[in-house]
Amino acid sequence: MSQTAAQPPVTTDRDRLLHDLETLSEVDLIVVGGGASGLGVALDARLRGLSVLLLESHDFAGGTSSRATKLVHGGVRYLAQGDIGLVREALRERRALLNNAPHLAQPLAFVMPAYRPWEVPFYGTGLKIYDALAGSASLGRTEWLGRAATAARLPGVNAAGLYGGVQYWDGQFDDARLALALARTAAAQGALVLNYCPVVDVLHENGRVGGVRWRDALDADGRRTGTVRARCVINATGVWVDDLRRLDDSARGQGTSPMVAPSQGVHLVVDRSFMPSSEALLVPRTRDGRVLFAVPWLGHLILGTTDTPRDAVAREPRALPEEVAFILNESAHVLARAPQAEDVLSIWVGLRPLVRPPHEDEGGTKTISREHTVQVSPSGLVTVTGGKWTTYRSMAEDVLRHCEAAGLLPGLPPCRTARFPLLGAPPPAAATVRLTEPPGLQAYGTEAADVLALPGADNELGLGLTAAMVRHAARREYARTVEDVLARRHRMLFLHADRAIQAAPAVSRILAEEIGSDGDPEAFLALAAQYRNIPA
Numbered sequence: 001m002s003q004t005a006a007q008p009p010v011t012t013d014r015d016r017l018l019h020d021l022e023t024l025s026e027v028d029l030i031v032v033g034g035g036a037s038g039l040g041v042a043l044d045a046r047l048r049g050l051s052v053l054l055l056e057s058h059d060f061a062g063g064t065s066s067r068a069t070k071l072v073h074g075g076v077r078y079l080a081q082g083d084i085g086l087v088r089e090a091l092r093e094r095r096a097l098l099n100n101a102p103h104l105a106q107p108l109a110f111v112m113p114a115y116r117p118w119e120v121p122f123y124g125t126g127l128k129i130y131d132a133l134a135g136s137a138s139l140g141r142t143e144w145l146g147r148a149a150t151a152a153r154l155p156g157v158n159a160a161g162l163y164g165g166v167q168y169w170d171g172q173f174d175d176a177r178l179a180l181a182l183a184r185t186a187a188a189q190g191a192l193v194l195n196y197c198p199v200v201d202v203l204h205e206n207g208r209v210g211g212v213r214w215r216d217a218l219d220a221d222g223r224r225t226g227t228v229r230a231r232c233v234i235n236a237t238g239v240w241v242d243d244l245r246r247l248d249d250s251a252r253g254q255g256t257s258p259m260v261a262p263s264q265g266v267h268l269v270v271d272r273s274f275m276p277s278s279e280a281l282l283v284p285r286t287r288d289g290r291v292l293f294a295v296p297w298l299g300h301l302i303l304g305t306t307d308t309p310r311d312a313v314a315r316e317p318r319a320l321p322e323e324v325a326f327i328l329n330e331s332a333h334v335l336a337r338a339p340q341a342e343d344v345l346s347i348w349v350g351l352r353p354l355v356r357p358p359h360e361d362e363g364g365t366k367t368i369s370r371e372h373t374v375q376v377s378p379s380g381l382v383t384v385t386g387g388k389w390t391t392y393r394s395m396a397e398d399v400l401r402h403c404e405a406a407g408l409l410p411g412l413p414p415c416r417t418a419r420f421p422l423l424g425a426p427p428p429a430a431a432t433v434r435l436t437e438p439p440g441l442q443a444y445g446t447e448a449a450d451v452l453a454l455p456g457a458d459n460e461l462g463l464g465l466t467a468a469m470v471r472h473a474a475r476r477e478y479a480r481t482v483e484d485v486l487a488r489r490h491r492m493l494f495l496h497a498d499r500a501i502q503a504a505p506a507v508s509r510i511l512a513e514e515i516g517s518d519g520d521p522e523a524f525l526a527l528a529a530q531y532r533n534i535p536a
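When we follow the UniProt record's numbering, the leftmost residue of the sequence shown carries the number 1, and every step to the right adds one.
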């Protein structure tokens, strides 16, 4: 069952997928949610021989899982909080992720500039501990840097008052394309995977969860619905897990206590010229105790992030003016040329599904653990939430361990995902991807030749996106809308909203040729305006 480059790409014709769904009566496992945790569970379960159905209400990674800071990391901040177990697990999983998807994830050096004399030995010692915890999974050795070396590795850093710095290693990745690789790998192994297919109800039989009712969200008449029975149903809907839990609880006449305390993270993208480095900058403690990143990614520079508690769980959360001001003000302290609001090319916001503590205090979401939680309800609904992208694989393994312990999926064979390359993955030694550089064919790994063989390979629509890539997205990557293409199959919306607006008409025309739908360009233009406009 291992994936090889010679395997033909799996097509994603929606009519065929819906026909398969409509004729499906029962499976071992239904996963609700197509983000990091749900996709990880689907692949793990399928590799253990289970029949698997995954349903996503919108697009894969359409929520939090496409809006990360693009870092594969062990959690330096968690080390400072004393959460050694989480750090050790994340460092191990960091290495596994980079090995299984070297076309989508790679090591990245970080430099902490020091503006006070005690910072170099203090942070350097902590990062040596970080190295020691990584052990054989280490990506590189921590180095203490002088003033000149720090300025050389971070061109564009503010040299005034600079004492030196510390360099250490973590990783970076393309979150949305990794999610897509997981979905397509699970499908290639025999799972039935669909986006734009929300679960509208949880079925109960004799007081136990026995399946779901689904609806095709792209059916204008709303009549394409059905039910599928299952031995086990996984609720992996991220910040929306409480919605499905309410359906389960209401069937038993019970109320629902929320599990999730959403936290909002804002990211600003500016031109790479503000810090033309192949290494990232990290300020471990800003003036208000938060963390600031400046990360080179796909030819641009990401500045972030915030950690703001939010009550609402909007599909498209909006940045608060004070969050933008925080990022710009803190950037001005460490960059020689301080970015202004007018320099921002794209602004995007992710909601973290942090697990609500039993007794909430007033510490805010910075003090809430990033560890995941798995809960099995009295009726057998399995809910997973919390965690982070880096540990998606071990989270999935833990979910199935809980399913087995609860008797929902007894007698499972061992997990196989620790060393299972995702679709398109070349051998790690042969990977040439550089996620600091502008986007291109490198993101397709061993599938690059398949993309080049499609019409329009020489017709660039902007920022490395070609007409052939749009056709590939429609034929083999589940893309149904202009947003799917420009936000997640290609990352143009996240890099430069104006360029995405310019490319939208051409993408819409190609989608119309490929799938018979224009991909709702009007909705995309409204969304892109939100990514372009800085809140006042």
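Yeah, the Cβ is synthetic: ideal placement off N, Cα and C, and Gly gets one too.
Keep in mind the model is a prediction, meaning the values are calculated, not measured.
{"Check": "Entirely enclosed alpha helix (DSSP H) segments - the stretch 227–292, minimum 4 residues", "Outcome": "241–251"}
{"Check": "Residue environment, D170, which counts as buried when at least 16 other CB atoms sit within 10 Å", "Outcome": "buried"}
{"Check": "Beta-carbon proximity check, V72 vs L79, cutoff 8 Å", "Outcome": "no"}
{"Check": "I129, buried or exposed, once every other Cβ within 10 Å from all chains shown has been counted against 16", "Outcome": "exposed"}
{"Check": "Classification of W214 by the beta-carbon crowding that lies within 10 angstroms, buried from 16 upward", "Outcome": "buried"}
{"Check": "C-alpha gap between A187 and L412, whole angstroms", "Outcome": "20 Å"}
{"Check": "For H359, three-class secondary structure by DSSP", "Outcome": "Because H359 sits at a pLDDT of 48, beneath the cut-off of 50, its placement in the model cannot be relied upon, and the following sentence gives the value as read from the coordinates. It is coil, neither helix nor strand."}
{"Check": "Length at least 4, wholly inside the stretch 508–534: the alpha helix (DSSP H) runs in chain order", "Outcome": "521–532"}
{"Check": "Host alpha helix (DSSP H) of H402 (start-end)", "Outcome": "Y392 to A405"}
{"Check": "C-beta atoms of L381 and V260 nearer than 8 Å", "Outcome": "no"}
{"Check": "Span of the alpha helix (DSSP H) around V88", "Outcome": "One detail in the question is off: residue 88 reads as Arg in this sequence, not Val. Where R88 is concerned, the enclosing alpha helix (DSSP H) stretches over I84 to N100."}
{"Check": "H372: first and last residue of the uninterrupted beta strand (DSSP E) it sits in", "Outcome": "H372 to V376"}
{"Check": "For A90 and E371, the rounded distance between their alpha carbons", "Outcome": "10 Å"}
{"Check": "G226 vs E26 beta-carbon contact at 8 Å", "Outcome": "no"}
{"Check": "Proximity to L145 [Cα-Cα], best of G164, A453 and V233", "Outcome": "G164"}
{"Check": "Extent of the continuous alpha helix (DSSP H) run through F494", "Outcome": "M492 to L495"}
{"Check": "Buried/exposed call for N100, threshold 16 Cβ in 10 Å", "Outcome": "buried"}
{"Check": "Environment of P439 [buried if 16+ CB atoms lie within 10 Å]", "Outcome": "buried"}
{"Check": "Under 8 Å between C-beta atoms of T466 and G456", "Outcome": "yes"}
{"Check": "Touch test, the stretch 250–270 against the stretch 338–356, Cβ-Cβ under 8 Å, three pairs minimum", "Outcome": "yes"}
{"Check": "Cβ contact (3+ pairs, closer than 8 Å) linking the stretch 518–533 and the stretch 496–504", "Outcome": "yes"}
{"Check": "Cβ-Cβ distance between L55 and C197 below 8 Å", "Outcome": "yes"}
{"Check": "Extent of the continuous alpha helix (DSSP H) run through E322", "Outcome": "P321 to V334"}
{"Check": "First through last residue of the alpha helix (DSSP H) which encompasses V120", "Outcome": "E119 to A134"}
{"Check": "Supposed close pair L320, P535 - CB separation, criterion 8 Å", "Outcome": "7 Å"}
{"Check": "Length at least 4, wholly inside the stretch 32–91: the alpha helix (DSSP H) runs in chain order", "Outcome": "36–47 and 76–80"}
{"Check": "With 16 other Cβ atoms within 10 Å as the buried cut-off, status of N533", "Outcome": "exposed"}
{"Check": "Exposed unless 16 or more other CB atoms sit within 10 angstroms - verdict on V200", "Outcome": "exposed"}
{"Check": "Cα-Cα separation between V482 and R223, rounded to whole angstroms", "Outcome": "24 Å"}
{"Check": "Close beta carbons around L133, own chain, < 8 Å, minus the five adjacent residues each side", "Outcome": "G74, L79, I84, V87, R88 and L91"}
{"Check": "Euclidean distance between Cα positions of M395 and Q442", "Outcome": "28 Å"}
{"Check": "Element boundaries [beta strand (DSSP E), containing L301]", "Outcome": "H300 to G304"}
{"Check": "G210 - DSSP class collapsed to helix/strand/coil", "Outcome": "strand"}
{"Check": "Residue interval of the beta strand (DSSP E) (run including T22)", "Outcome": "It is worth fixing the name first, because residue 22 is Glu in this sequence and not Thr. No beta strand (DSSP E) contains E22, which is instead part of the alpha helix (DSSP H) from R14 to E22."}
{"Check": "Expected contact under 8 Å - CB spacing of S379 and R208 to nearest Å", "Outcome": "5 Å"}
{"Check": "Pick from V433, A453, L301 and T306 that is closest to D343, judged by C-alpha positions", "Outcome": "L301"}
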